[in-house]
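Residue numbers (the working numbering), protein chains in the order written: chain A, 33 to 451; chain B, 34 to 420.
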């Protein structure tokens, strides 16, 4: 009798205490954060509030409306000030009235202006919080991060989704997960680099760029998008930015978690070539012999070698490529072996030059984003130990040699241009 | 019939016999358990670039610590260390030695219990107080062991396949993310980092040696103890080496030492074909099961040594007795950092010296008393006399 009675009381106690799931979180109680933006606080803000944070929150009811034919934005962007990232997040939670859920956060955007002050605090907050994954993406925004969060891409519902698609599938920008960036910035042998994003008006990019007075022609990759996005500010920009789409271009260069410069245009391409991330992409260039020309890079193998001779760093970069011809301005007969060899030589010179430009630009910032320090460390750890303290200076004054060789493996589906 | 009568005279399940395969699976509870959670960070911070070499090297070298266990098992078949230590050293000193082993395993049990509770809380239920995990694990462990050692062996047999599967999956899924540059250069700081890493693993070997010296009495065929023990140790070594390689290859030595749990971070970034992501909850669940099995092994070791030292105490009573200090020890650890600081101190400066001293003493005295000579094993002789 006694054991039965005891079991009965235990069951009763359990039933009375279980009024719901342990640590339950209903979908309807959560605010799903898709993207986070960090900007410098607006002028006139409380001087103690160092962080200006924006959250792009998925409006879950809008998804239902859309499925049933209703209208309404699927993302809402809201901002708050705080004493650091964690405090700013808490401030936003006060506006929302739901539990802010970061499990679906896919990207974090930081404005250039904010990144130049250093990412230490932001990175620390992200790394400490267990809800974030190390595979999320970090972008530098040419302009305001909030503008990119508010941008409305035409083929995706949320700007963050469009950005991730650009990174993961189209391969048009530098692809680096947050965890790898952290590892780079904390390493002695390499500095960090991040892709740059911005906004442009849909369909009117070239005109907008010219109006903004950019030196770079519309549509050229790595040209940066600051002309459009950077000119907007405050709440006035909200309406304008909603009519914009996301644009990727350029690479932000860091030194000890502080952004120190950018690689744009040819230097940006050179950086992506060096990182072997320029796969299946069009590389356009101008030649004397063939006029404007485009090739598709199919394979890349970049082998850097470093040496220290008489106290001076020597960097040699050897690139092997294979490519296909996508466009030639002047009529060419690619059945002629000499023509193919000539194209290969010209392309090799272009690629080698692009890589050299990227290295030279990074040298001007004293930031070894290529990991030449790591090369020396793996090749000769004792020599690295000797020079590690003065590495930025050594890198800045390094002698750079870049050479490339390869083959044109295809000429498209035609062999001769019609004259 | 004789076997049955022998079992009935012993504490419940204390003489239950298990097969060699079950023995290997039970061994994993100590040799794998939740070790991979801590070993990657600990060895990574000590050995740096050489961490992935230190783990397999240490597992191979430290096999030597198991030799005394196999030796005594062959000389005293069917007996545990708590029993043959009294035969070799005499009642008083044998009990004293057993108590020392029990004390260190009890301290290890407290830390492992707290570690599993911390991991459970940090990875899955951050809002839940730590006492809830401690009490839940304690109840589960005591309930399992009350049902006898064979039940525990069968639980290990089933559940450890899931744990091993999850670890192998983690290694395979992370292969594409391994950067070979995180593994080179090695030995540029000399041999010291490697040896220090090996020393840390030696603490694990000492724990396993004590555990093996207890469970060897359960093997149905005492002749298989060496094969069973070695399989349990070396397969675990291979698996942990792979985990270490994957963690270091993906994160590099610098990042690895920063994480609370490097394998958890690895689990968070793996994806299959860009589709299957966020699998860490599944993996972590299996690792908590591994933690439960590991705690059970420590509980069993301490409780069974207590019954050997104090034969009047029944096994269930000894379980309840040891659970109090283990729970208190686990609960009294202030915070995560204190826990992480205590682990290496306990393993390297307490368990390892105690195990080496205990087995060294036993071998020396047994040798001097002629108990290691070839011929009829001592345990066999006694059993024959009893029968």
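Idealized CB from N, CA, C, for every residue including glycine.
Not flagged as an interface residue toward chain A: residue 395 (chain B), since no C-beta distance is shorter than 7 angstroms. Separation of the CB atoms of residue 355 (chain B) and residue 329 (chain B) is rounded to 12 angstroms, and the pair is thereby denied contact status at 8 angstroms. Here residue 340 (chain B) is near residue 348 (chain B), since their CB atoms are less than 7 angstroms apart.
Annotation: the continuous alpha helix (DSSP H) that includes residue 104 (chain B) extends over 100 to 108. Nearest Cα to residue 132 (chain A) within the set A:90, A:200, A:354, A:113: A:90. Comparing alpha-carbon positions, the option among B:203, B:282, B:192 lying closest to residue 212 (chain B) turns out to be B:282. Here the C-alpha atom of residue 224 (chain B) lies approximately 36 angstroms from the C-alpha atom of residue 313 (chain B). In terms of Cβ geometry, residue 154 (chain A) and residue 209 (chain A) do not form a close pair [threshold 7 angstroms]. For residue 218 (chain A), the C-beta contacts it makes with chain B under 9 angstroms involve 287, 288, 291, in order along the chain. At a cut-off of 7 angstroms between beta-carbon atoms, residue 313 (chain A) makes no contact with chain B.
Distance from the CA atom of residue 351 (chain B) to the CA atom of residue 76 (chain B), rounded to whole angstroms, is 35 angstroms. Pairing residue 362 (chain B) with residue 380 (chain B), the inter-Cα distance amounts to about 16 angstroms. Contact between residue 265 (chain B) and residue 57 (chain B) holds: their C-beta atoms lie close to 5 angstroms from each other, under 8 angstroms. In the three-state reduction of the DSSP assignment, residue 201 (chain A) falls in the helix class, which pools H, G and I. Beta bridge pairing from DSSP links residue 431 (chain A) with A:346.
Contact between residue 92 (chain B) and residue 267 (chain B) holds: CB atoms are separated by about 7 angstroms, below the 8 angstroms threshold. Here residue 223 (chain A) is near residue 286 (chain A), since their CB atoms are less than 7 angstroms apart.
The region 422 to 432 of chain A and the region 391 to 405 of chain A touch, with three or more beta-carbon pairs separated by less than 8 angstroms. Taking a C-beta distance under 7 angstroms as the contact criterion, residue 405 (chain B) and residue 235 (chain B) do not qualify as a contact pair. Contacts with chain B at 7 angstroms (Cβ-Cβ) do not include residue 38 (chain A). Using beta-carbon distances, residue 217 (chain B) counts as an interface residue toward chain A, with a partner under 7 angstroms. Along the region 287 to 349 of chain A, the alpha helix (DSSP H) occurs as fully enclosed runs of 4 or more residues at 298 to 306, listed in sequence order. By the Cβ neighbour-count rule, residue 71 (chain A) is buried, with 16 or more other Cβ atoms within 10 Å of its own. Secondary structure of residue 364 (chain A) (DSSP, three-state): coil. Under the DSSP definition of a beta bridge, residue 83 (chain A) partners with A:114.
For residue 189 (chain B), same chain residues with a beta-carbon under 8 angstroms away, outside a window of 5 residues either side, are 55, 58, 59, 61, 62, 326 in chain order.
Think of a sphere of 8 angstroms around the beta carbon of residue 357 (chain B): no beta carbon from chain A falls inside it, the nearest being about 21 angstroms out. Nearest Cα to residue 227 (chain B) within the set B:388, B:88, B:391: B:88.
According to the DSSP secondary-structure assignment, residue 169 (chain A) is paired through a beta bridge with A:139, A:209.
The beta carbon of residue 291 (chain A) sits closer than 6 angstroms to those of 147, 148, 284, all from its chain and outside the five residues before and after it, given in chain order.
When C-beta distances to chain B are compared with 8 angstroms, the residues of the region 166 to 183 of chain A below that value are 166, 167, in chain order. Put simply, the backbone Cα of residue 135 (chain A) is about 20 angstroms away from that of residue 213 (chain A). Residue state for residue 60 (chain A) is assigned as helix, using DSSP reduced to three classes. Nearest Cα to residue 82 (chain A) within the set A:69, A:106, A:114: A:114. The beta carbons of residue 156 (chain B) and residue 167 (chain B) sit no closer together than 7 angstroms. By the Cβ criterion, the region 241 to 257 of chain B is in contact with the region 103 to 117 of chain B, since at least three pairs of Cβ atoms, one from each stretch, lie closer than 8 angstroms.
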